[in-house]
C-alpha cells in the first residue's frame with residue numbers, strides 16, 4: 303500500500319473545511335455547493351484510491367514485462383498547476399492564462415521526456 | 007511607531023549580519039531583504055492611516071504584511087546569514103537548536119503552512135476583523151501573528167536556508183497550493199458578498215464597493231505572491247530532474 307490516498311483525502315478535507323468557513327460569510331448556494339462538492343468529491347476519490355490500494359491484485363503472468371513507474375513526477379505536478387492557473391485565468395485575467403499555459407507546455411515536454419526514458 | 011521601530015530593528019539586524027559575514031554576502035539576497043523591509047515599512051507607515059478609513063487599503067496592508075514582505079525576507083536567507091555572521095560557539099548552538107527533535111517536528115512545512123493558513127483564515131473572519139478595528143492592541147497582535155507565521159512558513163517552504171525537512175519541488179507546489187486556496191477563499195468571499203461584512207467600514211457611502219475591492223486585493227495579492235514562486239519552483243524542479251536524467255544516461259552510456 304503506497305498511502306498516496308492520504309494526500310488526495312487530505313486535500314478534499316481541506317476544501318471541505320474552507321467550504322465550512324464560507325458559511326460564516328453567508329455565500330450563495332452555488333458558491334457553497336461548488337467548493338463543498340469539490341471537497342466531498344476529492345475525499346471520495348481518496349477513499350477509492352484507498353480501496354484500490356488495499357485490493358489483492360492477481361499474480362503477475364509468467365514472463366510479463368515489468369514497467370518501472372516513478373512514484374513522484376515533477377512534470378505531472380507542474381502540468382496540474384499549469385492547467386489550474388490557466389483555468390483560473392478565465393476569472394482573473396489572460397496574464398494568468400498565459401503563465402499557466404506556458405508552464406503546461408514545459409510540463410508536457412517533461413512528461414514526453416519521462417515517457418521516452420521509461421520506454422528505453 | 008513601535009511597529010516601525012521593529013521594522014528598523016529587522017533591517018539593522020540584517021545589515022549587521024552582512025557586515026559580520028565571513029564571506030561576501032550575495033547582492034541579490036541583500037536586495038530581497040531590502041524589498042521585504044521596504045514592503046513592511048510601507049504597510050506599517052504610510053498605509054496605516056488609510057487602512058483605518060478604507061477596507062481596501064487595509065487589505066493592501068495585510069497582503070504586504072502577510073505575503074509579500076515575509077516571502078521576500080525568507081528568500082533573503084536570514085538563517086544562512088546568521089550562520090555566516092555568528093561566532094563559532096553561538097553558531098554551533100543555533101545549529102543544534104535547529105536540528106533538535108522538537109524543532110524538526112514543529113518547524114517543517116507541514117506544520118508551519120497550516121499554521122499560517124489558520125492565522126490567515128481566523129484573522130480575516132468578519133467578527134475578528136471587526137474586533138481588531140475596535141481594539142488597537144488586538145490589531146497589533148493580529149499584524150504580528152500574520153507576519154511571523156507567514157515568515158516561518160515561507161522559510162520552511164522555500165528551503166533557501168539550511169534547515170532540516172525542506173520540501174522538494176512537489177512538496178513546494180503542494181504547500182503553495184494549500185496556502186493559495188486559503189487566500190483565494192477569503193478574498194472571493196469579500197469580493198462576492200452582496201452586503202457589508204465589517205461594521206467598522208459600514209458607515210462609508212461606497213462601503214460595498216470598497217469591500218469588493220478589498221476582496222479582490224486579497225485574492226490577487228495571494229496569487230501575485232505565490233504564482234511566481236510556484237512557476238519558478240516547477241521549472242527549477244523539472245530542470246533538476248532533467249540534469250539527473252542526463253547524468254543517468256551518461257552513466258548508462260559509459261557502461
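Chains as they are written, first to last, in this note's numbering: chain A, 303 to 422; chain B, 7 to 261. All residues carry an ideal CB built from backbone N, CA and C; glycine is no exception. This one's a predicted model, so the numbers in the text were calculated from it and none came from an experiment.
Residue 327 of chain A - containing alpha helix (DSSP H), residue span: The residue given as residue 327 of chain A occupies position 25 in the first chain. Premise fails: residue 327 of chain A is in no alpha helix (DSSP H) and is neither H nor E.
C-alpha gap between residue 339 of chain A and residue 97 of chain B, whole angstroms: Working through the first chain from its first residue, we reach residue 339 of chain A at position 37. Working through the second chain from its first residue, we reach residue 97 of chain B at position 91. For residue 339 of chain A and residue 97 of chain B, the distance between alpha carbons rounds to 50 Å.
So which residues of chain A does residue 237 of chain B contact, with C-beta pairs closer than 7 Å? Sequence index remark: in the second chain, residue 237 of chain B carries index 231 (1-based). Those within 7 Å of residue 237 of chain B in chain A are 401, 405.
Distance check for residue 153 of chain B and residue 49 of chain B, CA to CA, integer angstroms please. The residue you call residue 49 of chain B lines up with position 43 of the second chain. The residue you call residue 153 of chain B lines up with position 147 of the second chain. Each residue's alpha carbon lies about 11 Å from the other.
State the DSSP-derived secondary structure class of residue 92 of chain B, mapped to helix, strand or coil. For the purposes of this step, residue 92 of chain B is taken as residue 86 along the second chain, with counting starting at 1. Reduced to three states, the DSSP call for residue 92 of chain B is coil.
Quick one: which chain A residues come within Cβ less than 9 Å of residue 247 of chain B? Here residue 247 of chain B is taken as the residue at index 241 of the second chain, counted from 1. Residues of chain A passing the Cβ test: 375, 376, 377, 412, 415, 416.
Can you find the residues in the same chain that come closer than 7 Å, C-beta to C-beta, to residue 61 of chain B, ignoring five residues on each side of it along the sequence? Translated into positions along the second chain, residue 61 of chain B becomes position 55. Excluding residues within five positions, the ones whose Cβ falls inside 7 Å are 204, 207, 216, 217, 220.
Using a Cβ-Cβ cut-off of 7 Å (strictly less than) and excluding sequence neighbours within five positions of residue 310 of chain A, which residues of its own chain qualify? Position 8 of the first chain, counting from 1, holds the residue named residue 310 of chain A. For residue 310 of chain A, where only same-chain residues beyond five positions count, the Cβ hits under 7 Å are 344, 347, 348, 351.
Show which residues of chain A have a CB atom less than 8 Å away from the CB atom of residue 191 of chain B. Taking the second chain and counting its residues from 1, one reaches residue 191 of chain B at position 185. In chain order: 320, 323, 324, 337.
8 Å Cβ cutoff, residue 334 of chain A in contact with chain B: Position 32 of the first chain holds residue 334 of chain A. By this cut-off, residue 334 of chain A is not an interface position.
Of all the options B:57, B:33, B:112, B:79, which has the alpha carbon lying nearest to the alpha carbon of residue 13 of chain B? The sequence position of residue 13 of chain B within the second chain is 7, counting from 1. Checked all of B:57, B:33, B:112, B:79; the closest Cα to residue 13 of chain B is B:79.
Rounded to the nearest angstrom, what separates residue 177 of chain B and residue 171 of chain B at their Cα positions? For the purposes of this step, residue 177 of chain B is taken as residue 171 along the second chain, with counting starting at 1. For the purposes of this step, residue 171 of chain B is taken as residue 165 along the second chain, with counting starting at 1. So the two alpha carbons sit approximately 10 Å from each other.
Does the beta carbon of residue 243 of chain A sit closer than 8 Å to a beta carbon anywhere in chain B? Residue 243 of chain A lies beyond the range of chain A shown here (303 to 422); nothing can be said about it.
Who are the neighbours of residue 198 of chain B on chain A, taking C-beta pairs under 9 Å? What you label residue 198 of chain B is simply residue 192 of the second chain in a count that begins at 1. In chain order: 327, 329, 330, 333.
6 Å CB neighbourhood of residue 384 of chain A in its chain, flanking five on each side removed: The residue given as residue 384 of chain A occupies position 82 in the first chain. So the list reads 402, 405, 406, 409, once near-sequence residues are dropped.
Less than 8 Å between the C-beta atoms of residue 379 of chain A and residue 19 of chain B, yes or no? For the purposes of this step, residue 379 of chain A is taken as residue 77 along the first chain, with counting starting at 1. For the purposes of this step, residue 19 of chain B is taken as residue 13 along the second chain, with counting starting at 1. No; because the gap between Cβ atoms is not below 8 Å, this pair is not in contact.
Is it buried or exposed, residue 332 of chain A, if we count other Cβ atoms within 10 angstroms and call 16 or more buried? Working through the first chain from its first residue, we reach residue 332 of chain A at position 30. So residue 332 of chain A counts as exposed.
Can you give me the start and stop residues for the alpha helix (DSSP H) that residue 31 of chain B sits inside? For the purposes of this step, residue 31 of chain B is taken as residue 25 along the second chain, with counting starting at 1. Taken as a continuous stretch (DSSP letters only), residue 31 of chain B belongs to no alpha helix (DSSP H), as it is neither H nor E.
With a CB to CB cut of under 6 Å and the five nearest residues on each side skipped, what residues in its chain are close to residue 37 of chain B? Residue 37 of chain B sits at position 31 when you count from the first residue of the second chain. Once the five neighbours on either side are set aside, residue 37 of chain B has no close Cβ partner at all.
Buried/exposed call for residue 247 of chain B, threshold 16 Cβ in 10 Å: Within the second chain, residue 247 of chain B is the residue found at index 241, counting from 1. Buried: at least 16 other Cβ atoms inside 10 Å.
Beta-carbon gap between residue 73 of chain B and residue 191 of chain B smaller than 8 Å: Residue 73 of chain B sits at position 67 when you count from the first residue of the second chain. Residue 191 of chain B sits at position 185 when you count from the first residue of the second chain. Contact: no.
In its own chain, which residues sit with a C-beta less than 8 Å from the C-beta of residue 184 of chain B, not counting the 5 before and 5 after it? Within the second chain, the letter at position 178 stands for residue 184 of chain B. Hits under 8 Å: 119, 120, 123.
Can you give me the Cβ contacts of residue 223 of chain B inside the same chain, cut-off strictly under 7 Å, excluding the 5 residues immediately before and after it? If you number the second chain from 1, residue 223 of chain B lands on position 217. The residues are 62, 65, 66, 69.
Quick one: using the 10 Å Cβ neighbour count with 16 as the cut-off for buried, is residue 10 of chain B buried or exposed? Indexing the second chain from 1 puts residue 10 of chain B at position 4. So residue 10 of chain B ends up on the exposed side.
Does DSSP put residue 149 of chain B in a helix, a strand or coil? Counted from its first residue, the second chain places residue 149 of chain B at position 143. In this structure, residue 149 of chain B counts as helix in the three-state DSSP scheme.
In whole angstroms, what separates the C-alpha of residue 157 of chain B from that of residue 76 of chain B? Position 151 of the second chain, counting from 1, holds the residue named residue 157 of chain B. Position 70 of the second chain, counting from 1, holds the residue named residue 76 of chain B. If I take the Cα positions, the gap works out to 4 Å.
I need the DSSP call for residue 201 of chain B, collapsed to helix, strand or coil. The count along the second chain starts at 1 and reaches residue 201 of chain B at position 195. Coil at residue 201 of chain B, not helix or strand.
First and last residue of the uninterrupted alpha helix (DSSP H) at residue 377 of chain A: On the first chain, position 75 is the one that residue 377 of chain A refers to. Element bounds for residue 377 of chain A: 376-394.
Residues of its chain near residue 313 of chain A, where Cβ-Cβ distance is below 6 Å and the 5 sequence neighbours each way are ignored: Here residue 313 of chain A refers to the residue found at position 11 when the first chain is read from its first residue. Only 344 meet the Cβ criterion.
Neighbouring residues, chain A, relative to residue 224 of chain B (Cβ below 8 Å): Mapped onto the second chain, residue 224 of chain B falls at position 218. Correct list: empty, because the minimum Cβ distance to chain A is about 13 Å.
Threshold first: 4 residues or longer. Then list the alpha helix (DSSP H) segments lying entirely within the segment 110-189 of chain B, N to C. 115-129, 132-140, 142-164
What does residue 136 of chain B touch in chain A if you count any residue whose Cβ is under 7 Å from its own? Along the second chain, read from residue 1 onward, the residue named residue 136 of chain B stands at position 130. Correct list: empty, because the minimum Cβ distance to chain A is about 12 Å.
Pair within 8 Å by beta-carbon distance, residue 165 of chain B and residue 376 of chain A: Counting from 1 along the second chain, the entry for residue 165 of chain B is found at position 159. Counting from 1 along the first chain, the entry for residue 376 of chain A is found at position 74. No. Outside cutoff.
Extent of the continuous alpha helix (DSSP H) run through residue 59 of chain B: Locating residue 59 of chain B in the second chain gives position 53, counting from the first residue. Segment 52-59, the alpha helix (DSSP H) holding residue 59 of chain B.
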